[in-house]
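Trainee: For reference, the structure I am asking about is given below.
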């Protein structure tokens, strides 16, 4: 009898163990409440109205781990509608959370809305900022860093701490004044200065001698590429926008609008303060901001010259070609990055996008393939979900520049889920362009001067081009990217030159299939704000 009881106890314990082992612990949740308010700030010494998050300028840095669930309750205390977008966060199956006017109704004044995001299969340096109106020039931006899970090896020695650097340009005019200039066909003036973490100088990063640190740099400038250089230290590049790179050392490094880069820095020099210089690129006047890398115990302030930024586009292009994908490294998952042989996948469609200024109805606008985007009152995602007619027409924009008379419209490209697509950005202007695609990473396989044609594909890097979410396009030149459209939803493709984006240089990409499954796209959120025709 006693033996039978022991057997029952044994199998009972075994059943409990088996049951427990089959239950997968849910990924952690991180909750934030952010109040968006106006506040008087003076980054360059001129007091003006900025946009603050919980009283902070810049906003707080979010830190998370791969697969964490991040909930951000945004309380809008401004006098106009407001949205935040999460730059580089892929939002798997969740274009509902993208935070742009094509997917979300803006948060009305006095109301709140909670973003519910999962940092699914991502690591790296990202950021956030306002997507509505011209709010971005006034603040409400910050960093978002995603760390690898402890069970996933990273391809470099673990640093003891991180330094997050947000670089932005700044105007001594309030955002509504600048917006009025654009609305009346006047150009956005040159910014009055550059900021590092909200200050033109005085930001200090302190570390222990002999230790290794990670420097995460995001270019959140509205209108400028930047170059970063550091006294007495090389910067070892280890990641760009969630993609581990071959580790190379740089004395100075270009980061274009909307791009991020991550470096390792070892404090292996004399104990003192070392200067960090950030300079705007290519457009005069050249602006500078400085910060300090301080060795703990330093008694000596910054002295001596800073590394000088190179002066031309050619150098920048050559440097960009040195950024290579680390094929043997894991990223967010244990499989090596190089296990996805992107260069062997057949391209099903090629899009060539040409940017150009235009005069439309007597106003200055900017176009892609002849169409200057104008936001409808009903977000495209809601119109698509509720089958609301008259909001947009699929593929009304042409796959290549067509020479049509420039017009305002609602540009939407339609793709089938899992299409593998080539997009070529053709820049026929004498200023650098930069483009970002929400919801995706893509391979930056080629860029060069001149006009693109299919024969130039033989110049593509089809082996170890890095994946990114933002690509620069040099003046009078082209850049080519390859994308597997594997994230269902409605996604924004936009210029990161924010004045051009505000004046129409953007479009949307609809990735779709007929399968109704939560594995391919989440349902509309319970807390979705309805507006336009979706509210009627």
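Numbering (mature numbering (1 follows the signal peptide of the UniProt record, and there is no 0)), first residue to last: -25 to -1, 1 to 511. Note that CB positions come from ideal geometry on N, CA and C, so glycine has one too. Here the structure is a predicted model, which is why all the values come from computation and not from measurement.
(1) Starting from residue 537, follow its DSSP beta bridges and name the residues at the other end.
(2) Rounded to whole angstroms, how far is the Cβ of residue 144 from the Cβ of residue 67, which I believe are closer than 8 Å?
(3) Excluding the 5 residues preceding and the 5 following residue 208 in the sequence, name in chain order all residues of the same chain whose CB lies nearer than 6 Å to its CB.
(4) Quick one: what's got a C-beta closer than 6 Å to residue 320's C-beta in the same chain, skipping five residues either side?
(5) What is the C-beta distance between residue 227 and residue 202, in whole angstroms, given that I count them as a contact (C-beta under 8 Å)?
(6) So, do the segment 399 to 406 and the segment 498 to 507 have three or more beta carbon pairs nearer to each other than 8 Å?
(7) Going straight from the alpha carbon of residue 377 to that of residue 329, what length do you get?
(8) Hey, how far is the Cα of residue 170 from the Cα of residue 115?
(9) Less than 7 Å between the C-beta atoms of residue 467 and residue 413, yes or no?
(10) Under 8 Å: do the segment 42 to 49 and the segment 79 to 98 share three or more Cβ pairs, one atom per stretch?
(11) Helix, strand or coil for residue 71? Go by DSSP, reduced to three states.
(12) Among 111, 60, 76, 113, which one has its Cα closest to the Cα of residue 91?
(13) According to DSSP, is residue 54 part of a helix, a strand, or is it coil?
(14) On the three-state DSSP scale, how would you describe residue 369?
(15) Pick helix, strand or coil for residue 405, following the three-state DSSP scheme.
(16) Tell me the rounded alpha-carbon separation between residue -7 and residue 3.
(17) Would residue 477 and residue 53 be called neighbours here (beta carbons separated by less than 7 Å)?
(18) So for residue 281, helix, strand or coil by DSSP?
(19) Whole-angstrom Cβ separation of residue 107 and residue 76, contact assumed at under 8 Å?
(20) Give the secondary structure of residue 537 by DSSP, where H, G and I count as helix, E and B as strand, and everything else as coil.
(21) Quick check on residue 460: buried or exposed, where buried means 16 or more other Cβ atoms within 10 Å of its Cβ?
(22) Quick check for students: name the residue ranges of the beta strand (DSSP E) that lie wholly in the segment 159 to 218, counting only runs of 3 or more.
(23) Looking only at C-alpha atoms, which of 490, 426, 507, 134 sits nearest to residue 392?
(24) Could you tell me if residue 65 is buried or exposed, where buried requires 16 or more neighbouring beta carbons within 10 angstroms of its beta carbon?
(25) Below 6 Å CB to CB, which residues in the same chain sit around residue 282 once its five sequence neighbours on both sides are set aside?
(26) Going by DSSP, what residues sit across from residue 112 in a beta bridge?
(27) For residue 494, which three-state DSSP category applies?
Mentor: Taking the definition as stated:
(1) Lying outside -25 to 511, the shown extent of the chain, residue 537 is not represented and no answer is given.
(2) Contact flag wrong, Cβ pair sits at about 32 Å.
(3) 240
(4) 395
(5) 5 Å
(6) no
(7) 10 Å
(8) 14 Å
(9) yes
(10) yes
(11) helix
(12) 60
(13) coil
(14) coil
(15) coil
(16) Caution is warranted here: a pLDDT of 34 is assigned to residue -7, below 50, making its placement in the model unreliable, and no coordinate value can be reported.
(17) no
(18) coil
(19) 7 Å
(20) Residue 537 lies beyond the stretch modelled for the chain, which goes from -25 to 511, so this question has no answer here.
(21) buried
(22) 168 to 171, 178 to 182, 187 to 194, 201 to 205, 210 to 215
(23) 490
(24) buried
(25) 204, 226, 227
(26) In the DSSP output, where bridge partners are listed per residue, residue 112 has none listed.
(27) coil
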